[in-house]
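Count along the sequence shown from 1, add 155, and you get the number used in my numbering.
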Amino acid sequence: QGTAALDDPATLEARIPDQPDTQLAVDANGVVHILLKKVSDTFSAGDDAASSDPRQAVMQLIEASRWVREHLELLALTQRDRAFIDAQPVLHLLTDRADLATALVGKLAGQVRLHLLQQVRLGRESGWFCTPLG
């Protein structure tokens, strides 16, 4: 899910407890990347403003970052062909709702990288195309 946005990623099979939809990867430099895909149907259309924007997704990424920092040595055991470095994980929010995410991510001063997802179809096949937005 979304590791095409990274250079030479190694996707980790390890998952963060209580966050099964959060993907972990490590790049060639040993930096952990945390990717979270949120598309329109995963944002609530209800009246609750907190559920209709990506704030909850960003909070989920921040919590995941804390967990990764606390369990870095354990994660390194799951991918022995890569050296893991003790660095702040890179947070990625992948969404098809850039209108909701752009303002929030802009306020976070580069702490979260935003990627725009677009669903594409080729004949009977469909998939997601990911474009980094900065």
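Cβ coordinates follow ideal geometry from the N, Cα and C atoms, glycine included.
Residue i in three-state terms, based on DSSP
i: Q178; result: strand
i: E218; result: helix
i: A165; result: strand
i: L249; result: strand
i: R268; result: strand
i: Q274; result: strand
i: V213; result: helix
Span separating the alpha-carbon of residue i from that of residue j
i: G178; j: L190; result: As written in the sequence, residue 178 is Gln, which differs from the Gly given in the question. About 5 Å.
i: F284; j: Q274; result: 6 Å
i: K262; j: A183; result: 29 Å
i: G265; j: A258; result: 12 Å
i: A253; j: K192; result: 12 Å
Test item: CB-CB of residue i and residue j under 9 Å
i: H188; j: P172; result: no
i: V223; j: L232; result: no
Rounded distance between the beta-carbons of residue j and residue i, thought under 8 Å
i: A212; j: L269; result: No, A212 and L269 are not in contact; Cβ-Cβ is about 11 Å, not under 8 Å.
i: L272; j: L246; result: Not really, about 16 Å apart at Cβ, beyond 8 Å.
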